[in-house]
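Visitor:
Chains as they are written, first to last, in the working numbering: chain A, 453 to 863; chain B, 453 to 863.
#1: So which residues of chain A does residue 813 of chain B contact, with C-beta pairs closer than 8 Å?
#2: Would you identify the three-state DSSP class for residue 664 of chain A, choosing helix, strand or coil?
#3: Determine the DSSP secondary structure at residue 470 of chain A, reduced to helix, strand or coil.
#4: Using the rule of at least 16 other Cβ atoms within 10 Å of the residue's Cβ for burial, across every protein chain shown, is residue 871 of chain A buried or exposed?
#5: Does any C-beta atom of chain B lie closer than 7 Å to the C-beta of residue 847 of chain A?
#6: Does DSSP put residue 732 of chain A in a helix, in a strand, or in coil?
#7: Counting only Cβ pairs nearer than 8 Å, list the residues of chain A close to residue 653 of chain B.
#8: DSSP puts residue 419 of chain A in a beta bridge; with which residues?
#9: Let's test the definition: count the other Cβ atoms within 10 Å of the Cβ of residue 561 of chain A and tell me whether it reaches 16, buried, or not, exposed.
#10: For residue 665 of chain A, would you say it is in contact with chain C, using Cβ-to-Cβ distances shorter than 7 Å as the test?
#11: Only counting runs of 4 or more residues, tell me where the alpha helix (DSSP H) segments fall wholly within the segment 561-620 of chain A, in order along the chain.
#12: Kindly confirm or deny that the segment 829-844 of chain A and the segment 723-741 of chain B touch, where touching means at least three C-beta pairs closer than 8 Å.
#13: Would you kindly work out how many angstroms separate the C-alpha atoms of residue 641 of chain B and residue 475 of chain B, rounded to a whole number?
#14: In the DSSP assignment, find the unbroken alpha helix (DSSP H) run with residue 757 of chain B in it and report its ends.
#15: Identify every run of the beta strand (DSSP E) within the segment 501-553 of chain B, keeping only runs that are complete inside it and at least 3 residues long; order them along the chain.
#16: How would you call residue 596 of chain A, buried or exposed, if buried means at least 16 neighbouring beta carbons within 10 angstroms?
#17: At a cut of 8 Å, does the segment 671-680 of chain A reach the segment 749-761 of chain B through at least three beta carbon pairs?
#18: Please determine if the segment 764-771 of chain A and the segment 710-727 of chain A are in contact, where contact requires at least 3 C-beta pairs separated by less than 8 Å.
#19: Given a cut-off of 7 Å on the beta-carbon distance, is the pair residue 604 of chain A and residue 542 of chain A in contact?
#20: With 7 Å as the limit, tell me which residues of the segment 623-651 of chain A have their beta carbon closer than that to any beta carbon of chain B; keep them in chain order.
#21: Can you find a C-beta in chain B that's less than 7 Å from the C-beta of residue 510 of chain A?
#22: In whole angstroms, what is the alpha-carbon distance linking residue 497 of chain B and residue 842 of chain A?
#23: So, does the segment 650-664 of chain A touch the segment 642-661 of chain B, judging by three or more C-beta pairs under 8 Å?
#24: Would you say residue 705 of chain A lies against chain B (beta-carbon separation less than 7 Å)?
#25: Using DSSP's beta-bridge definition, name the partner residues of residue 713 of chain A.
#26: I want to verify the contact list: residues of chain A whose CB lies under 7 Å from the CB of residue 772 of chain B, in sequence order.
#27: Rounded to the nearest angstrom, how far is the Cβ of residue 579 of chain A from that of residue 544 of chain A, given a contact under 8 Å?
#28: How big is the Cα-Cα spacing for residue 613 of chain A and residue 780 of chain B?
#29: Check whether the Cβ atoms of residue 504 of chain A and residue 471 of chain A lie closer than 7 Å to each other.
#30: Output the distance between the C-alpha atoms of residue 844 of chain B and residue 493 of chain B, rounded to the nearest integer angstrom.
#31: Measure the C-alpha to C-alpha separation of residue 638 of chain A and residue 793 of chain B and round it to an integer number of angstroms.
#32: Strictly below 7 Å CB to CB, what residues from chain B border residue 781 of chain A?
#33: Quickly, what does DSSP pair residue 558 of chain A with across the bridge? List them, please.
#34: So which residues of chain A does residue 809 of chain B contact, with C-beta pairs closer than 8 Å?
#35: Using the three-state DSSP reduction, which class does residue 751 of chain B fall into: helix, strand or coil?
#36: Tell me the rounded alpha-carbon separation between residue 783 of chain B and residue 694 of chain A.
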């Protein structure tokens with residue numbers, strides 16, 4: 453294929469693709485926008501926007517509707533909307549206590565979401581993939597043959613290689629080196645690509661795009677259940693690290709004189725602020741899982757000294773690790789999700805004190821610590837965002853039929 | 453001012469500026485390149501490159517020379533060179549034990565560099581700025597009236613706000629909230645902008661562009677003298693944090709049962725691996741400074757058990773903090789500079805052991821730990837890179853005379 457050139461010196465096909473990407477990304481993140489708003493947000497000319505919208509409309513990625521704005525004089529400006537009814541992704545999650553699946557449309561609307569309890573403990577990868585297939589099948593059946601299934605995104609409680617979705621380790625599942633992306637792609641029988649990432653990384657991505665961290669460029673998202681994970685947004689972009697393993701904040705050594713961690717090290721942050729540490733301090737059943745934890749939080753709310761004390765000590769360790777991460781990363785916003793978000797109301801004082809005494813004063817000046825907004829579904833929603841990435845980066849593949857055929861063949 | 457539009461939908465002036473930036477950045481980072489190499493590296497067309505080189509040549513930012521390539525048949529392709537003789541920056545540094553100044557040309561060549569010892573201890577900001585002015589004056593006198601002084605960059609051992617070069621705290625200097633950028637600009641009497649940043653951040657930038665980390669996208673640079681600092685490169689870009697304070701790895705809490713830190717916290721990494729910790733473990737004079745430290749390293753090299761032991765314990769703590777940072781950031785390369793680089797040969801075993809036992813196995817799979825390449829001058833060279841940023845980002849300002857006049861007026 454040959455491309456034309458234009459006066460700017462860039463191949464015009466390169467420029468067209470970048471412009472389509474800018475428009476689809478804006479619409480996905482912000483929902484409906486008028487052409488004037490698109491001009492302002494993308495820096496493109498009105499004429500260029502007109503042509504690109506025409507292409508995207510023909511591909512059924514966007515649609516124009518009369519504006520519903522009332523009370524503004526003059527002809528109403530039509531609104532360009534992402535077609536979440538036509539372009540969708542499948543999102544999947546393997547959490548500690550549950551499995552989940554959702555269909556999410558372009559623009560971020562969740563069209564259907566199912567979550568089922570999963571017994572804790574180690575299960576064969578094949579068995580979990582089979583459960584996921586059963587969960588996802590009715591959702592996929594709703595996606596019409598003419599609809600665009602952009603891809604499938606998957607969140608998993610484990611350390612995942614970004615290149616190919618290999619799960620290196622997932623202690624909660626007892627997994628080592630499981631090629632999850634390929635297994636799920638085969639089980640679902642979809643031709644769209646399947647991408648897999650760590651649940652905390654995806655939770656951070658979702659909170660950044662759709663939740664508590666929207667509009668912030670430098671964010672630290674911390675979430676915990678059994679272990680503790682983190683998702684880092686730096687300069688507006690997810691910090692992946694060299695191979696996608698960044699954000700393993702649960703394995704920051706905070707107490708070298710402490711207890712042994714599942715990872716083989718000693719005194720990792722999660723040995724002090726993870727579920728097991730809290731249950732042990734509260735003298736609760738260490739094998740009681742989520743229910744035992746619920747009871748500790750209820751007891752603390754009712755003023756039980758043992759539970760309150762257990763959380764207070766946990767809060768001190770939570771503050772120590774957070775302070776270190778604030779010094780290293782200088783985020784504007786810390787978002788607490790999962791178990792860490794649930795204990796935060798009980799330990800906000802301890803966390804505040806640690807930040808006041810253990811961070812460098814300029815780094816804490818404009819810092820805020822807030823609870824996550826998306827709750828338990830944050831990683832699942834992040835998996836959907838992850839699956840939309842190829843479309844946002846290069847919508848041209850879905851706009852031009854011959855390009856699309858290539859895309860499907862290579863998938 | 454109005455700009456034309458072209459078929460791509462981007463304002464053509466925006467595109468021209470981006471293209472000039474791409475070319476000047478490539479030449480600055482890689483030195484001389486043929487037009488064909490520029491085509492390959494920038495994705496621009498040959499015709500566009502020709503026009504842009506003409507503009508840059510007229511502005512004396514680049515020059516073309518016949519290639520010296522021998523043994524290749526055919527007409528030699530001319531090489532486009534950055535004109536480091538015409539476009540320069542002034543770099544300055546306030547280190548713990550010294551002050552330094554340099555003139556660095558576009559392309560990175562150091563044309564002149566001076567460094568003088570500085571007595572340790574607290575000095576009034578005015579006095580240090582005056583010393584810097586005396587150091588820089590003869591260097592600035594060499595810059596001709598027709599040369600382009602792009603700006604001045606400055607490295608300082610302190611926590612610096614990126615917006616305006618305010619030094620929030622610099623414990624080695626006894627400073628709090630010193631508006632250093634403005635003071636230096638006034639003292640030097642230059643109209644070019646003065647930018648200030650933390651010395652470890654700039655050391656990391658220099659090692660990434662010109663030193664041991666060249667070509668790596670995910671890098672952790674650690675340097676120490678009295679305190680310990682870090683510079684993080686993530687996804688090819690410096691990680692600045694929300695306000696420029698990121699990288700304060702010396703204040704990662706690694707030993708909550710440890711000793712009090714100058715920052716007010718307890719058990720920060722620098723209390724275990726900084727100069728004072730090493731001198732204390734070796735029972736050396738705590739006020740002996742760099743000379744006492746030299747002696748500890750000489751003693752260790754000679755096999756003195758006290759010195760070897762002091763370094764061994766330091767190495768264990770060095771490994772603990774490094775392991776935590778590897779888990780959080782997943783760098784491909786760790787570069788050790790300053791005092792940390794000097795002790796590394798004595799403690800490489802301890803560091804390796806900590807990485808083997810305290811990092812998640814996938815994160816360490818492709819990890820390398822190497823000494824810094826640029827030695828004591830890394831922060832100074834990073835300050836030069838920092839000062840070149842406005843030129844690399846938008847050379848058009850220096851290409852078009854009216855834009856340049858505006859630039860100077862606003863400086």
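Ideal Cβ positions, reconstructed from N, Cα and C, are used throughout, including at glycine.
Guide: Reading it off the structure:
#1: 620, 621
#2: coil
#3: helix
#4: This structure cannot speak to residue 871 of chain A, because chain A is shown only from 453 to 863.
#5: no
#6: helix
#7: The premise fails here: residue 653 of chain B is roughly 11 Å from chain A at the closest Cβ pair, so nothing lies under 8 Å.
#8: Given that chain A is displayed from residue 453 to residue 863, the structure contains no residue 419 of chain A and the question cannot be resolved.
#9: exposed
#10: In the structure shown, chain C cannot be found, because the protein chains are A and B.
#11: 577-594
#12: no
#13: 31 Å
#14: 757-781
#15: 514-517, 531-534, 539-546
#16: exposed
#17: no
#18: yes
#19: yes
#20: none
#21: no
#22: 26 Å
#23: no
#24: yes
#25: Answer is none; residue 713 of chain A lacks a bridge partner.
#26: 705, 708
#27: Actually they are not in contact, since the Cβ atoms of residue 579 of chain A and residue 544 of chain A sit about 15 Å apart, beyond 8 Å.
#28: 15 Å
#29: yes
#30: 15 Å
#31: 49 Å
#32: 693, 698
#33: Per DSSP, none; premise fails for residue 558 of chain A.
#34: 716, 717
#35: helix
#36: 5 Å
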